[in-house]
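For the protein sequence lines, the chains are A and B, in the order given.
Counted from 1, the first sequence has number 45 at position 45 by the numbering used here; the numbering is strictly sequential.
Counted from 1, the second sequence has number 164 at position 51 by the numbering used here; the numbering is strictly sequential.
Beta carbons: idealized from backbone N, C-alpha and C, even for Gly.
These notes concern the structure reproduced below.
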Amino acid sequence: DTGVSQNPRHKITKRGQNVTFRCDPISEHNRLYWYRQTLGQGPEFLTYFQNEAQLEKSRLLSDRFSAERPKGSFSTLEIQRTEQGDSAMYLCASSVGQGFDYTFGSGTRLTVV
Amino acid sequence: AQSVTQLDSQVPVFEEAPVELRCNYSSSVSVYLFWYVQYPNQGLQLLLKYLSGSTLVKGINGFEAEFNKSQTSFHLRKPSVHISDTAEYFCAVNDYNKLIFGAGTRLAVHP
């Protein structure tokens with residue numbers, strides 16, 4: 001297993017466009033998390049899945065953001081009508097069960113111009 | 114809700130000198146604490162974690178941290194740093210099913 005994979009690594013988009021990111025977790029990990037990291041800040045929690053169920057969403061996740069994990073494996077994060085304030089690194093992490101061994105991916109850096 | 118405060122945004126240090134990166138958390142009945150390192154344009158790598166047991170936790174790359182419940186602190190230390198330790202360091206606390214991170218400390222090791 002090569003760890004948590006995120007694609008694309010970088011995305012530049014024009015304001016108002018929609019973007020979608022993908023995260024492939026470690027295969028046996030049933031929990032998947034999305035975080036957002038802006039420049040000079042620590043990661044902020046966005047949402048969390050256990051298998052295919054989305055169990056928690058941060059108030060940071062506005063109605064322009066939607067995340068899915070349709071078969072309990074990979075996950076997608078979509079941002080509609082992007083704004084300049086959405087420019088950030090989007091990190092995905094996975095873990096198994098109640099354990100605290102979170103494995104992070106390398107992230108997708110989004111730049112909205 | 115849990116919160117984490119990293120008291121220093123930047124820590125400059127000379128190579129082979131000791132370093133301490135400070136972290137305080139909001140008190141709770143039980144806490145699980147973590148230190149992560151992030152190199153430029155990369156994800157987060159776990160350095161060490163405290164779940165229970167001994168208050169002195171040893172991690173990778175020669176780092177260690179001490180859990181102090183009375184002071185609600187979890188400071189990270191290394192007795193002798195290398196140029197390769199230059200990176201951003203994040204302290205985090207578990208809050209139910211997620212991690213809450215501090216704002217980070219940039220460690221800059223100079224020759």
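The three-state secondary structure of N7 (chain A), taken from DSSP, is strand. Put simply, the CB of Q41 (chain A) is near chain B, with a gap under 8 Å to one of its CB atoms. Restricted to the segment 2-60 of chain A, not a single alpha helix (DSSP H) segment is unbroken, complete and at least 4 residues in length.
Separation of the CB atoms of I173 (chain B) and L160 (chain B) is rounded to 6 Å, and the pair is thereby assigned contact status at 8 Å. A Cβ of chain B is located within less than 8 Å of the beta carbon of L91 (chain A). For H223 (chain B), the enclosing beta strand (DSSP E) has its first and last residue at 218-223. Between the alpha carbons of G42 (chain A) and T199 (chain B) lies a distance of about 17 Å. Under the 8 Å criterion on CB atoms, G166 (chain B) is classed as non-interfacial with respect to chain A.
If one requires a minimum length of 3 residues, the beta strand (DSSP E) runs lying completely within the segment 140-170 of chain B are 146-151, 157-163, in chain order. For P131 (chain B), same chain residues with a beta-carbon under 6 Å away, outside a window of 5 residues either side, are P192 in chain order. The three-state secondary structure of Q123 (chain B), taken from DSSP, is strand. As computed with DSSP, H195 (chain B) is found in no beta bridge at all.
Linking Q155 (chain B) to T2 (chain A) through their CA atoms gives a straight-line distance of about 15 Å. Among the CB atoms of chain B, none fall inside 8 Å of the CB of L110 (chain A).
DSSP places F180 (chain B) inside the beta strand (DSSP E), whose first and last residues are 177-181. Distance from the Cα of Q151 (chain B) is smallest, within the candidate group B:D208, B:I213, B:C204, for B:C204.
Using a C-beta cut-off of 8 Å, the segment 204-223 of chain B makes contact with the segment 43-61 of chain A, since at least three inter-stretch Cβ pairs fall below that distance.
Contacts with chain B at 8 Å (Cβ-Cβ) do not include S62 (chain A). A contact is defined here as three or more CB-CB pairs under 8 Å, and the segment 13-26 of chain A fails this definition with respect to the segment 117-129 of chain B.
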